[in-house]
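Undergrad:
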Amino acid sequence: MKKIISSKRLNSHAQVWVETAIYTLIGLTLIAVVMSSALPQIEKIKDRETVKQTMVALNQLNQKISETREAPSSARIYDIFLSKGKLEIDSGNDTITYKLENTRLKFSEIGEKVKEGDIITETQTYGSRFNIILYLNLSQNTNITFNNQEILKTIQQGPSPSKIKIYNNGIIDGKGRYVVDLSM
Numbered sequence: 029m030k031k032i033i034s035s036k037r038l039n040s041h042a043q044v045w046v047e048t049a050i051y052t053l054i055g056l057t058l059i060a061v062v063m064s065s066a067l068p069q070i071e072k073i074k075d076r077e078t079v080k081q082t083m084v085a086l087n088q089l090n091q092k093i094s095e096t097r098e099a100p101s102s103a104r105i106y107d108i109f110l111s112k113g114k115l116e117i118d119s120g121n122d123t124i125t126y127k128l129e130n131t132r133l134k135f136s137e138i139g140e141k142v143k144e145g146d147i148i149t150e151t152q153t154y155g156s157r158f159n160i161i162l163y164l165n166l167s168q169n170t171n172i173t174f175n176n177q178e179i180l181k182t183i184q185q186g187p188s189p190s191k192i193k194i195y196n197n198g199i200i201d202g203k204g205r206y207v208v209d210l211s212m
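Per the numbering used here, the sequence shown starts with residue 29, numbered consecutively.
1) The beta strand (DSSP E) that contains Gln177, what's its start and end?
2) Helix, strand or coil: how does DSSP classify Lys203 here?
3) Quick one: complete beta strand (DSSP E) runs, 3+ long, within the segment 122-180?
4) Tell me Asn197's beta-bridge partners as DSSP assigns them.
5) Using a threshold of 8 Å, state whether the C-beta atoms of Val208 and Ile194 are closer than that.
6) May I ask whether a heavy atom of the ligand NAP can be found less than 7 Å away from the beta carbon of Pro187?
7) Using CA atoms only, rank isn't needed, just tell me which of Gly145, Leu128, Glu129, Thr151 is closest to Ser136.
8) Taking Cβ to Cβ, would you say Gly198 is nearer than 8 Å to Ser101?
9) What number of angstroms, rounded off, separates the C-alpha of Asn171 from the C-alpha of Gly120?
10) Whole angstroms are fine: how far does the CA of Val62 sit from the CA of Ile124?
11) From the DSSP output, in three-state form, read off Ala103 for me.
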């Protein structure tokens with residue numbers, strides 16, 4: 029009789045441990061399913077905020093360039109922080125471009141250029157993902173150079189802000205535009 033009772037008790041304890049393991053596995057599976065669908069959405073939200081913050085930063089940079097253009101020999105320093113993407117200063121074309129590549133975020137209609145203030149936004153396909161490009165064209169009223177050269181300078185994302193020095197050296201080009209030099 030004692031053997032029967034003790035084997036029933038052992039079976040009862042084993043059953044509790046098996047049930048605990050099964051419920052734990054079910055719980056972990058549910059968490060994995062929820063996370064696999066939620067993480068891409070969280071990534072999209074973060075990328076949307078990155079693009080919006082970069083638009084604000086480009087508008088502020090444009091404002092600093094405009095202030096500098098107003099008075100010869102004036103200088104400004106602007107700190108720009110890139111948590112994602114890259115910023116290209118193309119002094120040959122007098123444009124500043126921000127690119128966020130390989131994102132799940134479809135910021136605007138594919139291939140359409142949308143103007144918001146002085147910034148033009150474009151979304152391009154990149155396989156099953158997207159590239160978001162923000163353009164700031166300064167060629168109408170400013171000739172920008174980088175270290176007094178007509179070059180392409182790329183600023184990559186980083187843990188700390190990049191300092192951009194903006195300087196109006198008082199030179200007017202052949203089109204009647206002030207030459208504003210950017211440097212780091």
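The C-beta atom is built at its ideal place from N, Cα and C for all residues, glycine as well.
All values reported here derive from a predicted model rather than from experimental measurement.
TA: Considering the structure as presented:
1) From DSSP, Gln177 is part of no beta strand (DSSP E); its letter is neither H nor E.
2) Lys203: coil per DSSP, three-state reduction.
3) Taking only runs of at least 3 residues, the beta strand (DSSP E) segments lying wholly in the segment 122-180 are 123-131, 141-144, 147-154, 157-165, 170-174.
4) BP columns for Asn197 are empty, so no partner.
5) Closer than 8 Å, so yes.
6) As presented, the structure is devoid of all ligands, the ligand NAP included, so that no description of it is given.
7) The option with the nearest alpha carbon to Ser136 is Thr151.
8) A contact, by the Cβ cut-off of 8 Å.
9) When the Cα atoms are used, Asn171 and Gly120 turn out to be separated by approximately 9 Å.
10) The straight-line gap separating the alpha-carbon atoms of Ile124 and Val62 is approximately 40 Å.
11) Here Ala103 sits in strand by DSSP.
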